[in-house]
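Heads up, the thing below is written out as structure tokens.
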Amino acid sequence: MNRIFRIIIGSGVAIFFIWLALKNINTRELIESIRQTEISYIVIAIFVFFAGYSCRIERWRLMLINENAKLNWTECAGPLMASVAANNVLPFRAGDIFRAIKFNKQLRISAATSITTLFVERLLDLLMIVLFLGVALAYFGMDSSRLIGIGGGALLSGGAIILFLLIFPSVFKPFAYWLSKAISRVFPKFGQKLDAEFTKIFTALEHMSKGSTMIKLICWSFAAWLSEGLVFWLIALSIPTISYDLAAWLALPVGTLATIIPSTPGYVGTFDYFTGQAMTALGNREESSIAFAFIVHAVLWLPPTVIGGLYFLINPIKKTK
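If you're matching positions, the sequence shown starts at 360 in this note's numbering and goes up one per residue.
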């Protein structure tokens, strides 16, 4: 019942934001903006999009090689793209669950390591979003509190906290081991297993937080998000009715942050509305801005869903005994 309730709420949120996005839109102008899109830019954007995901795959591989030094880029590519495809079509971020549990045997890694990499990925991505948002707001001379309800000081503090968590994960080690010992007093076997899992988690975290490794992870993260920003910008260039294409660099972090709001798989509605709002905030017409949001959404959603879906078809997930 809880899952059904969450699906209903997510669908309601998606419908509400789609309505907000379209309520003042001239449908004819919206269709005309989409129709005028120059396909050559979209093709280039798709290539850049996959370049960005190549960076994400390499980032994940770097996180995993402490446990399996023989892992190559190709072995990591399929599971990552498959998890993205699953997230795009299934509720409750099922793709993350698949990546954390179902691919470990073929990658020859533990579930603890796999789950830890997901956590570190989220922190790295959030750090990049905060960075890109801060740079965009500074460049356009905008007040962040007016746009997203968070002041510049809060953004800076958030980025500092994320960086601290990435570089000094061992700060949490005493608490984790205290927790496992406390549980062991009541449930000895479970406490021992939890202690062993914490050891694996902190081993993985300490590998990733090493100076050289963390620098590489941050660089690959920056390259991935820069590529995604170029996707946004190229799509803005593809729409002749977009009057200020550089607004795409503001739409990137704002639209991405909007995906935190519970919605349907693929972030229908929330992404489109806030991406459009970021574009109109810098002077673009509403019809052009929503056309931009829809096209960006399609480019971000369709290619990984197709590629990841093909991987699932070729390499179906076997039931674990």
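Glycine is no exception: its CB is placed at the ideal position from the N, C-alpha and C atoms.
Asked                                                                                                        : Found
Check whether E646 and E388 have beta carbons under 7 angstroms apart                                        : yes
Span separating the alpha-carbon of V448 from that of W660                                                   : 9 angstroms
Close Cβ partners of A428 (< 8 angstroms) along its chain, the five nearest in sequence each way excluded    : none
CA-to-CA distance, A563 to G550, given in whole angstroms                                                    : 20 angstroms
L514 and G500 closer than 7 angstroms at C-beta                                                              : no
G550, DSSP secondary structure in three states                                                               : helix
Identity of the residue in P621, A595, S602, I577 nearest A610 by Cα                                         : A595
Inter-stretch contact at 8 angstroms, needing at least 3 Cβ pairs: the segment 638-654 / the segment 525-536 : no
The segment 531-546 in contact with the segment 433-453 per 3-pair CB rule at 8 angstroms                    : no
At least 3 beta-carbon pairs within less than 8 angstroms: the segment 580-592 vs the segment 408-421        : yes
A606 vs L576 beta-carbon contact at 7 angstroms                                                              : no
I520 versus L477: straight-line alpha-carbon distance, rounded                                               : 18 angstroms
Where M440 sits in the DSSP three-state scheme                                                               : helix
Length of the line joining the Cα atoms of T639 and A470                                                     : 44 angstroms
Neighbour flag for L669 against chain B, beta carbons, 7 angstroms                                           : Although the question refers to chain B, the structure presented lacks it and comprises just one protein chain.
Proximal residues to A637 (C-beta, below 6 angstroms), its chain only, five neighbours per side dropped      : L609, A610, V613
C-alpha gap between K680 and I474, whole angstroms                                                           : Residue confidence is low: K680 scores 45 on pLDDT, short of 50, so the model does not pin down where it sits. Its coordinate-derived value is still stated next. Straight-line Cα distance between these residues: approximately 21 angstroms.
Segment limits, alpha helix (DSSP H) that includes E645                                                      : 645-673
For Y626, the three-state DSSP class (helix, strand or coil)                                                 : coil
For Q465, the first and last residue of its enclosing alpha helix (DSSP H)                                   : 463-466
Own chain, CB closer than 8 angstroms to P621, minus 5 neighbours either side, in chain order                : R365, I368, G369, V372
S602 - DSSP class collapsed to helix/strand/coil                                                             : coil
Completely contained alpha helix (DSSP H) runs for the segment 477-540, where each covers 4 or more residues : 503-507, 511-526
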